[in-house]
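Counting in numbering that gives the first Met the number 0, the sequence shown runs from 0 upward without gaps.
One structure is given here, and the rest of the page talks about it.
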Amino acid sequence: MSRSLYAFSVSHLQCPLIAKSTKVQYCAKNNIKFLAQNGGHSWVITFNIGPGDLVINLRLLSQVTFNGDKSQVTYGGGALISDIVTAAYANGVQVPTGNCNCVGTLGAILGGGFGRLMGLYGMGVDNLLSVNLVTADGRLQKVDASNADLWWALRGAGPNFGIVTSATMNSYPVPAATNGAYTGSLVFTNDKIEALVVALNNLVLEPPMAIFLYFANQGQPAVVAIPFYAGGTVDQYKSAFASIYAVGPIVDTSSFVAYNHLNDGSDSFCVKGMRKPSYGAGLNQMDPKAWRAVFNEYVKFLQNPGTQMSAVLMEYYSLQKAQTLPDSSSSYPFRHTVKFNALVIPWYSDPALDPVAEQFASTVRDLWRSTDNVAVNSTYVPELFFYRLFPPDSSLLRSKISSPLTLLAATSISPLATNRSKRYTARTSPGCKKSRRNTILQDNSTSSSLFQKVNRKRGRFGRWAGFHFFD
Ligand SMILES: Cc1cc2nc3c(=O)[nH]c(=O)nc-3n(C[C@H](O)[C@H](O)[C@H](O)COP(=O)(O)OP(=O)(O)OC[C@H]3O[C@@H](n4cnc5c(N)ncnc54)[C@H](O)[C@@H]3O)c2cc1C
């Protein structure tokens with residue numbers, strides 16, 4: 000029977016320098032594998048966690064506080080994006096987080112941290128100031144830029160290096176009247192795909208801007224662009240996206256949306272459960288023919304019963320601020336090579352569709368990859384793997400993910416990144432192989448119970464645990 004384990008007490012937040020995690024120490028001492036969990040979106044069984052291992056639920060660590068002038072926010076390792084957004088809006092600030100309320104703030108930020116406000120503030124990892132981290136030996140320590148190697152590794156490959164119990168990062172005061180953005184859905188008939196893709200490819204994003212492209216099922220396959228302009232006026236918004244408007248949307252729902260409601264439209268992506276073997280690709284350019292072919296593949300896949308929630312999406316953020324730092328500034332390696340992030344999510348329940356979904360998603364990725372103008376596959380790791388519910392082609396995944404470091408290498412993290420990670424791993428690895436009987440998993444989320452079931456059925460064929468030094 001599964002039950003929850005809320006492993007960290009609040010005292011870790013209050014006394015970070017003297018606290019330790021007895022749970023982690025116990026696991027390390029007794030060779031029990033464990034995995035930190037927050038939003039529970041790791042829809043994968045490639046974690047090498049089984050029924051005898053431990054999932055440490057961080058959700059009670061959800062406090063959010065600000066310093067005196069509101070220029071810094073400190074939050075617990077279990078804070079969801081919704082916790083941050085709510086507290087930020089109430090305090091008259093903006094905090095660079097992700098676009099979906101249900102996601103764990105650090106689950107996103109430790110992988111790089113994409114969000115609509117990236118153009119103004121940079122990536123999530125660029126805004127981290129310090130973290131309190133439980134390392135593999137159960138010690139809790141404050142880590143910041145003075146711990147050069149670990150600091151670099153945490154910001155992009157974070158979940159591999161420890162459990163963050165709290166983090167402090169920049170927050171940005173904004174007047175109440177402008178704490179929000181102009182945004183909305185522009186719906187296009189599908190004959191406009193090529194024109195829209197050309198417009199997106201040529202669009203230069205100023206810092207307040209971002210834009211998303213969706214192929215979604217709205218009774219029939221629809222083409223939707225969602226422009227975003229932080230603050231400003233409606234005229235600035237329309238002028239910034241004039242080239243997109245020129246393509247001729249048939250529906251426009253744009254309006255000013257307050258900061259605390261900006262993520263509301265993404266709630267449908269937060270639905271847990273079902274099967275979502277997603278594939279992603281980082282693109283430096285968007286090719287109209289390739290996107291037409293992707294749309295055709297999407298329409299074809301939707302003809303399978305029960306696939307209506309499937310979607311294709313592309314995120315285009317202003318990189319001006321992020322690119323003021325070099326790729327080597329953190330273990331997220333694509334800020335100078337990837338302009339557009341594309342993701343295909345086949346979404347269904349019937350396991351019999353697994354091969355069809357795999358075929359569809361991998362074909363779409365091949366189409367993107369053949370025209371992306373990027374030398375090697377450069378996918379945003381959290382989206383590529385964290386979205387995956389299961390590895391249908393386990394042998395392929397086994398070969399690609401023989402360890403988290405191979406995983407990073409397989410997704411084209413720079414050689415520097417891989418080498419430095421290896422160095423750090425070697426120093427911190429205590430080893431932890433045997434399993435114990437105490438099956439303790441998280442709350443009642445569907446993803447977790449599916450995760451358990453699939454794990455039992457298919458055995459352990461991935462080795463990507465939250466701590467890679469437990470391989
Ligand atoms: C609906 C949806 C929307 C998304 N939107 C965005 C987005 O806008 N921007 C973006 O950058 N990404 C986005 N992602 C990707 C997302 O960042 C990853 O899926 C992320 O890892 C999810 O974190 P979680 O806490 O929700 O999941 P979990 O499964 O709880 O955690 C994911 C991983 O992070 C580790 N982890 C979580 N918390 C901690 C911690 N405190 N310390 C150490 N390790 C930790 C876990 O051990 C695990 O390895 C989205 C994903 C989904 C499903």
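C-beta: ideal position from N, C-alpha, C; glycine also.
CA-CA distance, residue i and residue j?
i	j	result
Leu132	Ala321	25 Å
Ser20	Thr104	21 Å
Phe227	Val250	16 Å
Ser369	Met285	11 Å
Val256	Asn66	26 Å
Pro172	Ala310	35 Å
Lys191	Phe214	12 Å
Leu199	Ser81	29 Å
Leu395	Ala229	Unreliable placement is indicated for Leu395, whose pLDDT of 32 sits below 50; no coordinate value is reported for it.
Trp290	Thr306	20 Å
Ile162	Gly272	25 Å
Val375	Ala360	18 Å
Asn471	Met308	As shown, the chain starts at 0 and ends at 470. That puts residue 471 outside it, with no answer to give.
Gly281	Asp365	12 Å
Ser72	Gly218	Per the sequence shown, residue 72 should be read as Val rather than Ser. Taking the straight line from one Cα to the other gives about 42 Å.
Asp136	Asn159	14 Å
His40	Gly112	15 Å
Asn372	Asn283	6 Å
Leu195	Gln24	54 Å
Ile31	Thr134	15 Å
Phe333	Ala147	20 Å
Give the DSSP bridge partners of residue i, in chain order.
i	result
Val223	Val186 and Tyr213
Glu314	Phe211 and Asn340
Asp251	Leu185
Asn75	Looking at the sequence provided, one finds Gly at residue 75 rather than Asn. DSSP, once it has assigned bridges, lists Ser165 as partnering Gly75.
Gly179	Ala257
Ile108	BP columns for Ile108 are empty, so no partner.
Pro350	Paired residues: none, contrary to the question.
Gln93	Tyr171
Gly281	Asn340
Ala229	Ala180
Ile55	Ala35
Gly103	Leu79
Can you round the beta-carbon distance between residue i and residue j to whole angstroms, since I take them to be within the 8 Å contact cut?
i	j	result
Val343	Ser277	6 Å
Tyr74	Asn178	The pair is not a contact, with the Cβ atoms about 19 Å apart (cut-off 8 Å).
Gly264	Ala175	About 21 Å; that fails the 8 Å criterion.
Leu202	Ser254	Contact flag wrong, Cβ pair sits at about 21 Å.
Pro287	Phe187	Not really, about 13 Å apart at Cβ, beyond 8 Å.
Pro471	Val293	This structure cannot settle anything about residue 471, because the visible part of the chain is limited to 0 through 470.
Gly118	Pro207	6 Å
Tell me which residue opens and which closes the beta strand (DSSP E) that residue i is part of.
i	result
Gln140	Leu139 to Asp143
Met273	Where Met273 is concerned, there is no enclosing beta strand (DSSP E), given that its DSSP letter is neither H nor E.
Val133	Leu127 to Val133
Val63	Val63 to Phe65
Phe33	Phe33 to Gln36
Cβ of residue i within 7 Å of any heavy atom in ligand 1?
i	result
Gln62	no
Leu34	yes
Val337	no
Gly114	yes
Cys269	yes
Val163	yes
Leu109	yes
Asn471	In the structure as shown, the chain begins at 0 and stops at 470. Residue 471 is therefore absent and cannot be evaluated.
Ser377	no
Leu57	yes
Asn259	no
Gly279	no
Ser41	yes
Asn37	yes
Leu199	no
Val102	yes
Gly106	yes
Cys26	no
Pro345	no
Pro158	yes
Asn98	yes
Gly76	yes
On the DSSP letters alone, give me the boundaries of the alpha helix (DSSP H) that residue i sits inside.
i	result
Val233	Val233 to Ala239
Ser309	No alpha helix (DSSP H) contains Ser309, which DSSP labels as neither H nor E.
Phe359	Asp353 to Thr370
Gln477	Past the boundaries of the shown model lies residue 477; the chain is included only from 0 to 470, so the question cannot be answered.
Met117	Met117 to Tyr120
Lys299	Pro287 to Leu301
Arg334	Where Arg334 is concerned, there is no enclosing alpha helix (DSSP H), given that its DSSP letter is neither H nor E.
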